[in-house]
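**Student:**
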Amino acid sequence: MLRDSLDYIHAHPEIYFKQEAKKGGYVCPVCGNGSGEDGTGVKLIKGQSFRYKCFKCDTSGDVINFYAAEHQLDNREAILQVCALYGLEVPKKKFKKIPRTHKHISSNAESVKNQAETEIIANDIIIAANHLRETDYFAKRGISYETAERYNCGYIEQWTHPTKRNANNIFPSPRVIIPTSSESYVARSTDDNKVPKMKAGTTSIFNISVLKSSSQHVVVVEGEFDALSIIEAGNDAIALGSTSNVDKLIDWLREKNIRPHLPLILNLDADEAGQKATDKLADALLNMRIQFYSVILSLKAVRIRMKAL
Ligand SMILES: [Zn+2]
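The numbering of the sequence shown is the working numbering, which starts it at 16 and goes up by one.
This is the structure we're talking about:
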């Protein structure tokens, strides 16, 4: 599983690295080499297929190594974050034991840090909402401003991740912001697929509360934009954000004892992770006696057909 993820990451350096326009290399995420008029940027090491070197700051290695250097992480933590960045299933983290004497202090510091981060995130959502109409990204994806507004979506032209606001060498990018709760959101680059979508705050399920109130079939999808498209078409939908959130959904349904009016429609991605998550969710729903249909349909095809009409 991890092997597959690494293969994918190695095959797609462009998702992480920023391509330099002129000289064919990538901009060094550690020192910025390659972003100006001169500078060679990060280049593949001769004879290797996925290891790079920056001749300015001397960082070398694969995407994971560069990410670790950029964010000052150990490689294990870097793998977790890079997988998340690439939208891949994040390998299960093995937590190190913290010595007892340090535990209290560090968890306190952690909570102060988390609180500050939560405030930044909540603030980002408000700022973004005020700038929604400065982007046509939603319109291009077939989402009206009215729908985007209803879900507090927005736009930030120069976005950086809330945890990286004070860091050097972080390149801002234009992002649409889709809140998944009042304290979390997904930031998606308007520069399609050049920069991966990133999450801020604790991952939450987009529009989950509709399950309490909807009188329709609620469609369960992975992507927030897929959910917005379905909503735009007049239906109700929630987005898991990632297949790993399937447990969250199951726990929430169980905890709140949710009884949807009509059967749910499960429409996760047709890849392996999507199908595994569908099976897991289906089992849990059967167990809770919640009715559902499982459908595999390509939303892309639907979108194209809708455009054609
Ligand atoms: Zn460098």
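A virtual CB, placed ideally from N, CA and C, is assigned to each residue, including glycine.
Taking Lys214 and Ser199 to be in contact with their CB atoms under 8 Å, please state how far apart those CB atoms are, rounded to whole angstroms.
**Tutor:** The residue labelled residue 214 in the question sits at position 199 within the sequence shown. The residue labelled residue 199 in the question sits at position 184 within the sequence shown. The pair is a contact, with the Cβ atoms about 7 Å apart (cut-off 8 Å).
**Student:** Does the contact criterion of 3 or more C-beta pairs under 8 Å hold for the stretch 62–76 versus the stretch 41–50?
**Tutor:** The stretch 62–76, when compared against the stretch 41–50, does touch it at the 8 Å Cβ threshold.
**Student:** Between which two residues does the beta strand (DSSP E) carrying Gln173 extend?
**Tutor:** In the sequence shown, residue 173 corresponds to position 158, counting from 1. Gly169 to Trp174 is the span of the beta strand (DSSP E), which, as asked, contains Gln173.
**Student:** Taking only heavy atoms of ligand 1 into account, decide whether any of them is closer than 7 Å to the Cβ of Lys58.
**Tutor:** Sequence index remark: in the sequence shown, residue 58 carries index 43 (1-based). Lys58 Cβ: outside cutoff for every heavy atom of ligand 1.
**Student:** For Ser257, does the count of other Cβ atoms within 10 angstroms reach 16, so buried, or fall short, so exposed?
**Tutor:** By one-based count along the sequence shown, residue 257 stands at place 242. Ser257 comes out buried.
**Student:** Where the beta carbon is closer than 6 Å to any heavy atom of ligand 2, which residues qualify, in chain order?
**Tutor:** Within the structure as shown, ligand 2 is missing, the only ligands being ligand 1.
**Student:** Rounded to the nearest angstrom, what separates Pro177 and Tyr82 at their Cα positions?
**Tutor:** Here residue 177 refers to the residue found at position 162 of the sequence shown. Here residue 82 refers to the residue found at position 67 of the sequence shown. Their backbone Cα atoms lie some 17 Å apart in a straight line.
**Student:** Using C-beta distances below 8 Å, list every residue in its chain close to Lys322, excluding the 5 sequence neighbours before and after it, in chain order.
**Tutor:** Along the sequence shown, read from residue 1 onward, the residue named residue 322 stands at position 307. Any answer about Lys322 is weak, because its pLDDT of 43 lies below 50 and its placement is not dependable; what the coordinates show is given next. Result list for Lys322: Gly157, in chain order.
**Student:** Classify Val244 as buried or exposed, calling it buried when 16 or more other Cβ atoms lie within 10 Å of its own Cβ.
**Tutor:** Along the sequence shown, one-based indexing puts residue 244 at 229. The amino acid occupying residue 244 in the given sequence is Ser; Val does not appear at that position. The residue in question, Ser244, is buried, as its Cβ has 16 or more Cβ neighbours within 10 Å.
**Student:** Which residue from Asn129, Asn167, Val201 and Tyr160 puts its Cα closest to that of Thr175?
**Tutor:** Looking up residue 175 in the sequence shown gives position 160. It is Val201 whose Cα lies nearest to the Cα of Thr175.
**Student:** Could you tell me whether the stretch 186–196 touches the stretch 274–289, where touching means 3 or more Cβ pairs closer than 8 Å?
**Tutor:** Too few Cβ pairs lie closer than 8 Å, so no.
**Student:** Ser204 by DSSP, collapsed to three states: which one?
**Tutor:** Locating residue 204 in the sequence shown gives position 189, counting from the first residue. If DSSP states are grouped into helix, strand and coil, Ser204 belongs with the strands.
**Student:** Quick test of the definition: if touching needs 3 or more C-beta pairs under 8 Å, does the stretch 221–239 touch the stretch 277–291?
**Tutor:** In short, these stretches touch, since the Cβ pair count reaches three.
**Student:** Under a CB-based cut-off of 8 Å, is Pro189 close to chain B?
**Tutor:** Protein chain content of the structure displayed is limited to a single chain, and chain B is not contained in it.
**Student:** Who pairs with Arg190 in a beta bridge, going by DSSP?
**Tutor:** Indexing the sequence shown from 1 puts residue 190 at position 175. Note: Arg190 sits in a beta bridge opposite Ile171 and Ser204.
**Student:** Quick test of your reading: Leu255 and Leu264, contact by CB under 8 Å. State the CB separation rounded to the nearest angstrom.
**Tutor:** Here residue 255 refers to the residue found at position 240 of the sequence shown. Here residue 264 refers to the residue found at position 249 of the sequence shown. At roughly 6 Å, the Cβ-Cβ gap stays under 8 Å, so Leu255 and Leu264 are in contact.
**Student:** Please report the straight-line C-alpha distance between Ser64 and Ile142, rounded to a whole angstrom.
**Tutor:** Taking the first residue of the sequence shown as position 1, residue 64 is located at position 49. Taking the first residue of the sequence shown as position 1, residue 142 is located at position 127. Between Ser64 and Ile142, the C-alpha separation is close to 42 Å.
**Student:** Have a look at the DSSP bridge pairing and note the partners of Phe307.
**Tutor:** For the purposes of this step, residue 307 is identified with residue 292 of the sequence shown, where counting begins at 1. Beta-bridge pairing links Phe307 to Leu279.
**Student:** Does Tyr41 come out as helix, strand or coil in the three-state DSSP assignment?
**Tutor:** Here the question's residue 41 lines up with position 26 in the sequence shown. In the structure shown, Tyr41 sits in a strand (DSSP, three-state: E or B).
**Student:** Span of the beta strand (DSSP E) holding Lys214?
**Tutor:** Along the sequence shown, read from residue 1 onward, the residue named residue 214 stands at position 199. Start and end: Met213 to Ala215.
**Student:** Could you check where the alpha helix (DSSP H) with Lys58 kicks off and where it finishes?
**Tutor:** Start at 1 with the first residue of the sequence shown, and residue 58 comes out as number 43. Careful: Lys58 lies outside any alpha helix (DSSP H), inside the beta strand (DSSP E) at Val57 to Leu59.
**Student:** So, with DSSP's three-state summary, where would you put Phe32?
**Tutor:** Working through the sequence shown from its first residue, we reach residue 32 at position 17. It is coil, neither helix nor strand.
**Student:** Going straight from the alpha carbon of Ile120 to that of Pro106, what length do you get?
**Tutor:** For the purposes of this step, residue 120 is taken as residue 105 along the sequence shown, with counting starting at 1. For the purposes of this step, residue 106 is taken as residue 91 along the sequence shown, with counting starting at 1. Low local confidence applies: a pLDDT of 47 at Ile120 is under 50, so the model's placement there is unreliable, and no value is given.
**Student:** May I ask you to report which of helix, strand or coil DSSP gives Leu17?
**Tutor:** Here residue 17 refers to the residue found at position 2 when the sequence shown is read from its first residue. Of the three classes helix, strand and coil, the one that applies to Leu17 here is helix, per DSSP.
**Student:** Can you tell me which of the three DSSP states Phe221 falls into?
**Tutor:** The count along the sequence shown starts at 1 and reaches residue 221 at position 206. In the structure shown, Phe221 sits in a strand (DSSP, three-state: E or B).
**Student:** List in chain order: all unbroken alpha helix (DSSP H) runs of 4+ residues lying wholly within the stretch 70–95.
**Tutor:** Here the runs fully enclosed are 78–86.
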